[in-house]
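Down below is the structure, laid out as structure tokens.
Numbering (this note's numbering), first residue to last: 11 to 191.
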């Protein structure tokens, strides 16, 4: 089941940007691999997924809402989070909502499949593959800290990833420390 594997290396690399004891939203959380990882680091994590079995598993790490966010209302209307995490999920109409859910001083950590993946496996439908530069365009109101778009092996896949932050309450750009790889 999605969500039982290790946390994303991209999330692990950039999790240091999430302020201590923050509220985090894990979108399409599956069984909660990222919820677990972030809760263990002291964050207050909420998840959302449409699979009731996954929701049951993820609830061990925090509250999880079972909702179809593609066909129903956004269950977090008006709420913002210090971090929004999205991996292996794409629903284009939701992109503006996800960006708007990042609080001042908060971070978006997003990673999913990109165009080209159809040549190596699933997902292969264009609806589920980001166009070149699509995350950069979707997050243009945020400050990009890191971005990757390309092929990765083990397993073979094409991915697009972004870490983007919203300026703090005063509108100033805060200092986000880079972490040595």
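Positions of the beta carbon are idealized from the N, C-alpha and C atoms, including for glycine. Source: prediction; values computed, not measured.
The Cβ neighbour count for residue 59, taken over all protein chains shown within 10 Å, is at least 16; the residue is labelled buried.
Taking a cut-off of 8 Å for Cβ pairs, the stretch 91 to 111 and the stretch 64 to 77 do not touch, as fewer than three such pairs fall below it.
Within 10 angstroms of the beta-carbon of residue 43 lie 16 or more other beta-carbons, which makes it buried. DSSP, reduced to helix, strand and coil, places residue 102 within a helical segment of the structure shown. The C-beta of residue 50 has fewer than 16 other C-beta atoms within 10 Å across all chains shown, which makes the residue exposed. In the assembly as shown, residue 102 is an exposed residue. Its beta-carbon has fewer than 16 other beta-carbons within 10 Å. Residue 57 is bridged by DSSP to 36 and 74. As for any alpha helix (DSSP H) of minimum length 4 sitting wholly inside the stretch 84 to 170, the runs are 105 to 110 and 144 to 148, ordered along the chain. Using a C-beta cut-off of 8 Å, the stretch 169 to 177 makes no contact with the stretch 129 to 136, since fewer than three inter-stretch Cβ pairs fall below that distance. According to DSSP, residue 28 shares a beta bridge with no other residue. In the DSSP assignment, residue 68 falls within the unbroken alpha helix (DSSP H) covering 62 to 68. C-alpha of residue 153 to C-alpha of residue 52: approximately 25 Å in a straight line.
Listed in chain order, the non-local C-beta contacts of residue 149 below 7 Å within the same chain comprise 109, 118, 172 and 174, local neighbours out to five positions each way being set aside.
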